[in-house]
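Laid out in structure tokens, this is it:
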């Protein structure tokens, strides 16, 4: 016999109980929470990595910009000293006794750059050890971007020049200076009156 209207309503509205043991029902009720947990766990693990990558990117960008700005500033700023002028003054006394030559060079530098060379009472010779070599220097001027000094050694010495973000100019007054440039297989010897320019980033063996 046909079901009564009430029976039909019950048949249409019936659904399996929540504790039904149907494999489909069990899979459906457990798979979705597991997926949610996996997605949440992946998101939690990914966020620190993303933050770290962003920090590294920002650090790299700031570093590159800082270096570029510093190089631009150093290339365009006005310096007190001119390496050609300093070399010209030093060459006038090349070959003379080094102590007398040093005194004359200091006098000429004070005339050429008044107010920028230390007075006699502040001049002193101090030992310098770097890169395996040992020498003595007398500082004449120092600032954030420039320095001017007298340098020498009373004994044979040699070592690594170092690698700097600065251009260094040396003019020989007495003695000899041997230099072996990186990337070459022969050394060069310089004599009184010669000027050697160490470019930015250049490294050599010196003696």
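In my numbering, the protein residues as written are -2 to 204.
Glycine included, every Cβ here is placed at the ideal spot set by N, Cα and C.
On the DSSP bridge assignment, give the partners of residue 157 in chain order. If you number the chain shown from 1, residue 157 lands on position 160. Residue 157 is bridged to 202.
Answer yes or no: do residue 78 and residue 143 have a C-beta to C-beta separation smaller than 8 Å? If you number the chain shown from 1, residue 78 lands on position 81. If you number the chain shown from 1, residue 143 lands on position 146. The criterion of a C-beta distance shorter than 8 Å is satisfied by residue 78 and residue 143.
Ordered along the chain, which non-local residues of its own chain (more than five positions away) have a Cβ less than 7 Å from that of residue 114? The sequence position of residue 114 within the chain shown is 117, counting from 1. Once the five neighbours on either side are set aside, the close Cβ partners of residue 114 are 103, 106, 107, 137 and 138.
With 16 as the cutoff for other CB atoms within 10 Å, does residue 25 come out buried or exposed? In the chain shown, residue 25 corresponds to position 28, counting from 1. Residue placement at residue 25 cannot be trusted, given a pLDDT of 49 that sits under 50; the coordinates are not used to answer.
Helix, strand or coil for residue 179? Go by DSSP, reduced to three states. Numbered from 1 along the chain shown, position 182 holds the residue referred to as residue 179. The answer is coil: DSSP assigns residue 179 none of H, G, I, E or B.
Exposure label - residue 186; buried when at least 16 CB within 10 Å: Indexing the chain shown from 1 puts residue 186 at position 189. By the Cβ-count criterion, residue 186 is exposed, with fewer than 16 other Cβ atoms from all chains shown falling within 10 Å of its own Cβ.
Compare the beta carbon distance of residue 174 and residue 197 with 8 Å and say whether it is the shorter of the two. Here residue 174 is taken as the residue at index 177 of the chain shown, counted from 1. Here residue 197 is taken as the residue at index 200 of the chain shown, counted from 1. Against a cut-off of 8 Å, the Cβ pair of residue 197 and residue 174 comes out as no contact.
Locate the beta strand (DSSP E) running through residue 139, then write down its first and last residues. For the purposes of this step, residue 139 is identified with residue 142 of the chain shown, where counting begins at 1. Bounds of the beta strand (DSSP E) holding residue 139 are 130 to 139.
Pick helix, strand or coil for residue 78, following the three-state DSSP scheme. The residue given as residue 78 occupies position 81 in the chain shown. If DSSP states are grouped into helix, strand and coil, residue 78 belongs with coil.
If we call anything under 8 Å between Cβ atoms a contact, is residue 82 one with residue 109? The count along the chain shown starts at 1 and reaches residue 82 at position 85. The count along the chain shown starts at 1 and reaches residue 109 at position 112. Cβ atoms of residue 82 and residue 109: closer than 8 Å.
Own chain partners of residue 141 with C-beta closer than 8 Å, once the 5 adjacent residues on each side are dropped: Here the question's residue 141 lines up with position 144 in the chain shown. Close CB contacts of residue 141 within its chain, under the 8 Å cut and outside five residues either way in sequence, are absent.
Residue 158 versus residue 127 - alpha carbon distance: As a first step, residue 158 is located in the chain shown; it is residue number 161 there, counting from the start. As a first step, residue 127 is located in the chain shown; it is residue number 130 there, counting from the start. Distance between the alpha carbons of residue 158 and residue 127 is about 8 Å.
According to the Cβ coordinates, are residue 170 and residue 87 closer than 8 Å? Residue numbering aside, residue 170 sits at position 173 when the chain shown is read from its first letter. Residue numbering aside, residue 87 sits at position 90 when the chain shown is read from its first letter. Closer than 8 Å, so yes.
Tell me which same chain residues have a C-beta within less than 6 Å of the C-beta of residue 131, skipping the five on either side of it? Along the chain shown, read from residue 1 onward, the residue named residue 131 stands at position 134. Excluding sequence neighbours, residue 131 sits near 154.
Leaving out five residues on either side along the sequence, give the residues of the same chain with a beta carbon under 6 Å from the beta carbon of residue 191. Taking the chain shown and counting its residues from 1, one reaches residue 191 at position 194. Sequence-distant Cβ neighbours of residue 191 in its own chain, meaning closer than 6 Å and more than five residues away, are 169.
Cα-Cα, which of 149, 92, 55 and 121 is closest to residue 204? If you number the chain shown from 1, residue 204 lands on position 207. Selected option, being the one with the closest Cα: 149.
Rounded to whole angstroms, what's the CA-CA distance from residue 189 to residue 48? Just pull it up for me. Within the chain shown, residue 189 is the residue found at index 192, counting from 1. Within the chain shown, residue 48 is the residue found at index 51, counting from 1. In a straight line, the C-alpha of residue 189 is about 59 Å away from that of residue 48.
Between residue 146 and residue 135, how many whole angstroms is the CB-CB distance? I'm expecting something under 8 Å. Taking the first residue of the chain shown as position 1, residue 146 is located at position 149. Taking the first residue of the chain shown as position 1, residue 135 is located at position 138. Going by Cβ atoms, the distance from residue 146 to residue 135 rounds to 6 Å, so yes, they are a contact pair.
In terms of residues, what are the limits of the alpha helix (DSSP H) holding residue 106? Reading the chain shown from its first residue, position 109 is the one you call residue 106. First-last of the alpha helix (DSSP H) with residue 106: 95 to 109.
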